[in-house]
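Residue numbers for the sequence shown follow the working numbering, so the first one is 27 and each next one is one higher.
Ideal Cβ positions, reconstructed from N, Cα and C, are used throughout, including at glycine.
So the structure is just underneath, and the comments pick up after that.
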Amino acid sequence: MVTRASVVADLDQALATQIDFVADPLDSSWYVGNFDGESVYVRMGNFPDEEAYSLYLGHGRWMDFSRVPDNWTITTPAEGWPSTARQRLPKGEFHA
Numbered sequence: 027m028v029t030r031a032s033v034v035a036d037l038d039q040a041l042a043t044q045i046d047f048v049a050d051p052l053d054s055s056w057y058v059g060n061f062d063g064e065s066v067y068v069r070m071g072n073f074p075d076e077e078a079y080s081l082y083l084g085h086g087r088w089m090d091f092s093r094v095p096d097n098w099t100i101t102t103p104a105e106g107w108p109s110t111a112r113q114r115l116p117k118g119e120f121h122a
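Structure follows, in structure tokens:
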């Protein structure tokens with residue numbers, strides 16, 4: 027589950043690492059992957075008003091992208107997020 031305190035410690039290494047992101051069952055529109063023993067989070071954008079995806083870097087910073095890096099996969103289950111997942115919030119807002 028993404029929080030404001032989630033951080034990507036080394037962006038260059040994260041971009042160079044194979045990361046498989048899956049739909050976070052706790053937060054609608056978020057994906058979670060594991061990198062260097064930590065969870066990292068990608069948010070699906072509200073296209074066309076936002077980029078397709080945003081990697082949350084922490085401390086209110088984001089890396090926006092339209093094309094997934096070649097060594098990353100982002101998978102959404104056919105049924106989407108479970109009905110128990112928390113509602114999507116606008117970019118930059120987090121559940122308490």
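(request) Taking all protein chains shown into account, decide if Val33 is buried (16 or more other Cβ within 10 angstroms of its Cβ) or exposed. (result) Working through the sequence shown from its first residue, we reach residue 33 at position 7. Looking at its Cβ environment, which holds fewer than 16 other Cβ atoms inside 10 Å, Val33 is exposed.
(request) Could you check if Leu81 is buried or exposed, using at least 16 other CB atoms within 10 Å of its CB as the buried criterion? (result) The count along the sequence shown starts at 1 and reaches residue 81 at position 55. With 16 or more other Cβ atoms within 10 Å, it is buried.
(message) In whole angstroms, give me the CA-to-CA distance for Gly71 and Gln44.
(response) As a working note, residue 71 is residue 45 in the sequence shown. As a working note, residue 44 is residue 18 in the sequence shown. Answer to the nearest angstrom: the Cα atoms are 22 Å apart.
(message) So if DSSP puts Asn60 in a beta bridge, which residue, or which two residues, is it bridged to?
(response) Position 34 of the sequence shown, counting from 1, holds the residue named residue 60. DSSP lists Ser65 as partners of Asn60.
(message) One question on the structure: do Asp53 and Ala104 come within less than 7 Å of each other, judged by their Cβ atoms?
(response) In the sequence shown, the residue the question calls residue 53 occupies position 27. In the sequence shown, the residue the question calls residue 104 occupies position 78. Going by C-beta atoms, Asp53 is not nearer than 7 Å to Ala104.
(request) Would you mind sorting Phe47 into buried or exposed? The rule is 16 or more other CB atoms within 10 Å of its CB. (result) In the sequence shown, counting from the first residue as 1, residue 47 sits at position 21. With 16 or more other Cβ atoms from the protein chains shown falling within 10 Å of its own Cβ, Phe47 counts as buried.
(message) I'd like to know whether the C-beta atoms of Ile100 and Tyr57 end up nearer to each other than 7 Å.
(response) As a position in the sequence shown, residue 100 is number 74, starting the count at 1. As a position in the sequence shown, residue 57 is number 31, starting the count at 1. The criterion of a C-beta distance shorter than 7 Å is satisfied by Ile100 and Tyr57.
(request) Report yes if the C-beta distance between Glu77 and Asp90 is below 7 Å; otherwise report no. (result) Working through the sequence shown from its first residue, we reach residue 77 at position 51. Working through the sequence shown from its first residue, we reach residue 90 at position 64. Closer than 7 Å, so yes.
(request) Using only alpha-carbon positions, find the residue among Phe73, Ser55, Leu41 and Gly86 that is nearest to Phe61. (result) Looking up residue 61 in the sequence shown gives position 35. That would be Leu41, whose Cα lies nearest to the Cα of Phe61.
(message) Between which residues of its own chain and Ser55 is the CB-CB distance below 8 Å, once the five residues before and five after are set aside?
(response) Indexing the sequence shown from 1 puts residue 55 at position 29. Here Ser55 has Arg69, Met70, Trp107 and Arg114 as same chain residues with Cβ atoms under 8 Å from its own Cβ, once five neighbours each way along the sequence are excluded.
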